[in-house]
Amino acid sequence: MKSARQAELGSEARQALWFELMQFYVREAWLLDERRFKEWLNLFTDDVLYFMPRRKNVLRRELHREETSLGDLAILEEDRRYLEMRVARLETGMAWAEDPPSRTRHLIGNLEATPLENGEVSARTAFLVYRSHLETDHQLLSSSRKDVLRQVDGAWKVARRTIVLDANVLLDKNLSVFL
Amino acid sequence: MRSLQNYAIIDPATGKLDRRIFSDQAVYDDEMEKIFGRSWLMIGRETLVPEPDDFFHTYMGEDPVILTRDGHGRLHALLNMCRHRGNRVVRCDDGNAKQFLCTYHGWTYRNDGTLEYVPGESEAYYGALDKPSLGLIKARIETYAGIVFATWDKDAPSLEAYLGDARWYLDTLFNRRDGGTQALGPIKWLEPVNWKTLVDNCSDNYHVATSHLSSARVQTRFIGRPPLSHEDQFASPNKHAFVNGHSITFRDADDNAPRYVHGITKETMPLFQEYHNATMAEVERRLGTVRAHRVQLGNHSIFPNGILGLRLALPRGPLKTEFWHFVLVDRDAPDELKRAIRIGSQANNGAAGLFEQDDVDNWRQVTEASTSRLRRRHPQELSMSLGHSGAHPDYPGMVSERYISENNQRLFYRRWEEFMNAESWADIPLAPISARFEGSATMRG
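Chains as they are written, first to last, in the numbering used here: chain A, 4 to 182; chain B, 994 to 1438.
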């Protein structure tokens, strides 16, 4: 389903947008893996909603119920202040789940970008995150992100992020890394 | 530790606890039989199956169980195992269905467990199959304030007797409002932890000011959470109580403060205070003045594996536990209040929760300490506040003098021995109900 604006954009402009956003996501991945979380926070708008619904086993005919909706208990339902709090916690020297910290590798791809009528862009990506912690703990998280991005002072920022993990019972001991 | 039917794992005089119960497969197998096979197990909430033919998939220990509401509105707890070869008949987390079809050979069960249809019943079985005896295996089911419990043991006492005087405290959370509670969730994840460590931690307030200090500090700074320190905790008037295996911690103060929950911030505090005030008359009517004003349930566990409201520690082998996190909210609470609790809950107690995150590696290494030759020779040291608990004039159960105490942990492992050394329910002691249950609240809500 194409929006009116997307139809208006020529192929060159679409390629430029795709390239710009891909750079944005690759940069984000490096910031996370290099543990530059304060810089990572700059990639979000002040009114961001950072949301990770639960994912249920339902019959194919009921797939509309597979992801829980906003208002039900989510794995994450955070605003900017909560994200800042999570980052500040890592610097206390007592955030035991991440001190010593996890070793992560975020691989991101499958970008599709759709300009919206209001000037924002809807972007979806797929990612794999490998996490290694302490001596032998390790986990591979597979997931999609649906973002709404907005230009703020000439830079793209994420205004809404919905992360949908490809898991029902999470196999990780905790989710202490950013996705 | 074990000399045939005789476990002695905790020394009551010293509080020293044998670590081998956290990793020994034979002990674990025995627990599944003697504890999870006998106890009333929390499995869900009525609001998870609100309509006729709704079902919710849950577990009793390791056994998969379907909580159903049949067409007449009756609840059932059915073992999710086709009686033919053992395939599961439900693979969804929840849904609505009058019948469950086994996808192997097509045996079909009604949602009350009755075996209704077998392909080839006359042609292949020659009419000789004893269908009435081959319904889904059914557990006994009872509810407390809408929370559903089930047991496999026909000799288990009533749920009311099983909870006993613990309910005097539990009512202050589960049975507070006429409209009852509702459960949001669950978030599910696997922790590399023995199930008992999760449960005994519910009375371990000692760990909070160390394990969770970073989370508490940033929340005080960013959202105005009340500060947390060892000093506050040692001076706290709060107490522990223990009844029939159930570990209670409770706030003992008559200062008109709302019960502390994650989600109370400087912005939401007025909302919680307003709600507390607005509902007090109803709470007094339901629970009487003492419980309405002076008693607030804190962290707690319902023996064996129900913890902190409706959260489940589901055993998955000695070294693994599947954790289910629900958050309970009063059904008739305002939406903004429910939202605040929901946000506080995900931020602190879910898989990504700030408090929860920092527990796991501690618990995991406590479990793991029982796996190597030398570490397992050195017992856990649960000696804190030995001799500083007993009967209390105002409060039922075995009550500690202070909030920071290992009394409940010692008693939890004593209760474990009582179950593990019993031949049947006849050998398991049960404290009589002696508390005064003022107010109108009952088992039924």
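The beta carbon of each residue, even a glycine, is placed where N, CA and C say it ideally should be.
Rounded Cβ spacing between residue 86(A) and residue 53(A) (contact assumed at less than 8 Å) | Taking C-beta atoms under 8 Å as the contact rule, residue 86(A) and residue 53(A) qualify, at a distance of about 6 Å.
Ignore the nearest five residues each way along the sequence and tell me which others in residue 4(A)'s own chain have a CB closer than 6 Å to its CB.
-> Confidence at residue 4(A) is low in this model, with a pLDDT of 47, below 50, so its placement is unreliable and the value that follows should be read with caution. So no residue of the chain qualifies.
Residue(s) in a DSSP beta bridge with residue 147(A) | Beta-bridge analysis with DSSP links residue 147(A) to 129(A) and 167(A).
Reduced DSSP secondary structure (H/G/I, E/B, other) of residue 4(A) = Confidence at residue 4(A) is low in this model, with a pLDDT of 47, below 50, so the placement of that residue is unreliable and no value is reported for it.
Residue nearest to residue 1314(B) in terms of C-alpha spacing, selected from 1306(B), 1320(B) and 1321(B) | Ranked by Cα distance from residue 1314(B), the options 1306(B), 1320(B) and 1321(B) are led by 1306(B).
For the beta strand (DSSP E) containing residue 1131(B), list its first residue and its last residue.
-> Element bounds for residue 1131(B): 1131–1137.
Quick one: Cα of residue 125(A) to Cα of residue 167(A), how far?
-> Rounded to whole angstroms, residue 125(A) to residue 167(A) spans 16 Å at the Cα level.
How would you call residue 997(B), buried or exposed, if buried means at least 16 neighbouring beta carbons within 10 angstroms?
-> Because residue 997(B) carries a pLDDT of 46, less than 50, the predicted location of this residue cannot be relied on, and the following value inherits that uncertainty. Counting of Cβ neighbours within 10 angstroms places residue 997(B) among the exposed residues, the total staying below 16.
Chain A beta carbons: is any one of them nearer than 9 Å to that of residue 1184(B)?
-> Proximity of residue 1184(B) to chain A, defined by a Cβ-Cβ separation below 9 Å, is satisfied.
In chain B, which residues lie less than 8 Å from residue 144(A) when you measure between Cβ atoms?
-> Ordered by position in chain B, no residue passes the 8 Å Cβ test against residue 144(A), which lies about 11 Å from the chain.
Is it true that the region 167–178 of chain A meets the region 53–63 of chain A, where meeting means three or more beta-carbon pairs spaced less than 8 Å apart?
-> Cβ pair count under 8 Å is three or more, so yes.
Interfacial residues, the region 1344–1357 of chain B to chain A, with Cβ spacing under 9 Å | Considering only beta carbons, the part of the region 1344–1357 of chain B lying closer than 9 Å to chain A consists of 1344, 1345, 1346, 1347, 1349, 1350, 1351, 1352, 1353, 1354, 1355 and 1357, in chain order.
Would you mind reading off the limits of the beta strand (DSSP E) that contains residue 1293(B)?
-> Its beta strand (DSSP E) spans residues 1288–1295.
Anyone know if the C-beta pair for residue 1347(B) and residue 1226(B) falls short of 9 Å?
-> Not a contact, by the Cβ cut-off of 9 Å.
Return no unless some Cβ of chain B is closer than 9 Å to the Cβ of residue 176(A).
-> Residue 176(A) counts as touching chain B.
By the criterion of Cβ-Cβ separation under 9 Å, what are the contact partners of residue 113(A) in chain B?
-> Within chain B, no residue has its CB atom less than 9 Å from the CB of residue 113(A), the nearest being about 24 Å off.
Could you give the uninterrupted runs of the beta strand (DSSP E) lying entirely in the region 1254–1315 of chain B, keeping only those of 3 residues or more?
-> Given a length threshold of 3 residues, each whole run of the beta strand (DSSP E) inside the region 1254–1315 of chain B is given here in chain order: 1288–1295 and 1304–1308.
Provide the residue span of the beta strand (DSSP E) that contains residue 1029(B), from first to last.
-> Segment: none, residue 1029(B) is in no beta strand (DSSP E) and carries neither H nor E.
Hey, is residue 1084(B)'s beta-carbon within less than 9 Å of any beta-carbon in chain A?
-> Under the 9 Å criterion on CB atoms, residue 1084(B) is classed as interfacial with respect to chain A.
Compare the Cα-Cα distances from residue 50(A) to each of 33(A), 84(A), 73(A) and 14(A) and report the closest residue.
-> When only C-alpha atoms are compared, the closest one is 84(A).
Work out the CA separation of residue 1247(B) and residue 1286(B) for me, nearest whole Å.
-> If you take the alpha carbons of residue 1286(B) and residue 1247(B), they lie about 6 Å apart.
For residue 1188(B), which of helix, strand or coil comes out of DSSP?
-> In the structure shown, residue 1188(B) sits in a helix (DSSP, three-state: H, G or I).
Is the number of C-beta pairs between the region 1067–1087 of chain B and the region 1045–1059 of chain B that are closer than 8 Å three or more?
-> The region 1067–1087 of chain B vs the region 1045–1059 of chain B: in contact.
Does the distance from the C-beta atom of residue 1169(B) to that of residue 1279(B) stay below 9 Å?
-> Yes, they are a contact pair.
Would you give the residue range spanned by the beta strand (DSSP E) that residue 1239(B) belongs to?
-> Run containing residue 1239(B): 1239–1245, per the beta strand (DSSP E) assignment.
Are the C-beta atoms of residue 92(A) and some chain B residue less than 9 Å apart?
-> Chain B places a beta carbon closer than 9 Å to that of residue 92(A), counting this residue as a contact.
Buried or exposed (CB count within 10 angstroms, at least 16 for buried), residue 1203(B) | Counting Cβ neighbours within 10 Å, residue 1203(B) comes out exposed, since fewer than 16 surround it.
For residue 18(A), which three-state DSSP category applies?
-> For residue 18(A), the three-state secondary structure derived from DSSP is helix.
Taking 8 Å as the threshold, find out whether the region 1347–1361 of chain B comes into contact with the region 1187–1204 of chain B through three or more Cβ pairs.
-> Output reads yes: the region 1187–1204 of chain B touches the region 1347–1361 of chain B.
Simplified DSSP assignment, three categories, for residue 1125(B) | Judged by DSSP in its simplified three-state form, residue 1125(B) adopts helix.
Quick one: residues in its chain with C-beta nearer than 7 Å to the C-beta of residue 1007(B), no 5 flanking neighbours on either side, listed in chain order?
-> These residues qualify, in order along the chain: 1376.
Along the region 1204–1238 of chain B, what residues have a CB closer than 8 Å to any CB found in chain A?
-> Residues 1204, 1206, 1207, 1208, 1210, 1211, 1212, 1214, 1215 and 1216.
Confirm, please, whether the CB-CB distance from residue 1291(B) to residue 1231(B) is below 9 Å.
-> Their beta carbons are under 9 Å apart, which means residue 1231(B) touches residue 1291(B) by this criterion.
In terms of DSSP beta bridges, what is residue 1383(B) paired with?
-> Residue pairing by DSSP places residue 1383(B) opposite 1392(B) in a beta bridge.
Quick one: what's got a C-beta closer than 7 Å to residue 177(A)'s C-beta in the same chain, skipping five residues either side?
-> The answer, listed in chain order, is 100.
Residue 997(B) in three-state terms, based on DSSP | Reliability fails at residue 997(B), whose pLDDT of 46 lies under 50, so the model's placement of it is uncertain and no value is given.
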